[in-house]
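A.B. asks: This structure is in structure tokens; I'll ask about it shortly.
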Amino acid sequence: MKKQEQLFVDYMEDGTLPEHKEEMKTLLQEIVQRKQRGGLDKAYLTGILPRLFSYLNPDKVAEAKKIIEQYTS
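Here it is as structure tokens:
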């Protein structure tokens, strides 16, 4: 995993609600794999982002949106 990918995963995992740690870990693995294969497109992100945000602490969502924009660009 590249440094940028690890920073992204670490940030998202740190902001995850305790009851959603496993779901977030699985989702983040899928996102990283898709990015590595070049399959991380807008349609996919539109479908999974509501679920990802529901796993985060509410106070982390706004910052997470900015980080996701940077990570996916």
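Per our numbering, residue 1432 is the first one in the sequence shown, and the count goes up by one each step.
Think of the CB as a built atom: it goes at the ideal place given N, C-alpha and C, for glycine as much as any other residue.
For clarity, every value in this text was computed on a predicted model and none was experimentally measured.
From Leu1438, Lys1434 and Tyr1442, pick the residue whose C-alpha is nearest to that of Ala1431; which is it?
C.D. replies: Any property of residue 1431 remains undetermined from this structure, which presents the chain solely from 1432 to 1504.
A.B. asks: Return yes when the Cβ of Gly1446 is within less than 7 Å of the Cβ of Leu1471, no when it is not.
C.D. replies: Taking the sequence shown and counting its residues from 1, the one referred to as residue 1471 is at position 40. Taking the sequence shown and counting its residues from 1, the one referred to as residue 1446 is at position 15. No. Outside cutoff.
A.B. asks: In its own chain, which residues sit with a C-beta less than 7 Å from the C-beta of Glu1454, not counting the 5 before and 5 after it?
C.D. replies: Position 23 of the sequence shown, counted from the first residue, corresponds to residue 1454. Closer than 7 Å at the Cβ level, and outside the excluded window around Glu1454, lie Tyr1486.
A.B. asks: Is Glu1444 near Val1463, with beta carbons less than 7 Å apart?
C.D. replies: In the sequence shown, the residue the question calls residue 1444 occupies position 13. In the sequence shown, the residue the question calls residue 1463 occupies position 32. No. Outside cutoff.
A.B. asks: For Val1440, collect the residues of the same chain with a Cβ closer than 7 Å to its Cβ; drop the 5 residues on either side in sequence, then sort them by chain order.
C.D. replies: Taking the sequence shown and counting its residues from 1, the one referred to as residue 1440 is at position 9. Excluding residues within five positions, the ones whose Cβ falls inside 7 Å are Leu1459 and Val1463.
A.B. asks: In the structure shown, what three-state DSSP assignment does Leu1487 receive?
C.D. replies: The sequence position of residue 1487 within the sequence shown is 56, counting from 1. DSSP places Leu1487 in strand when its eight states are reduced to three.
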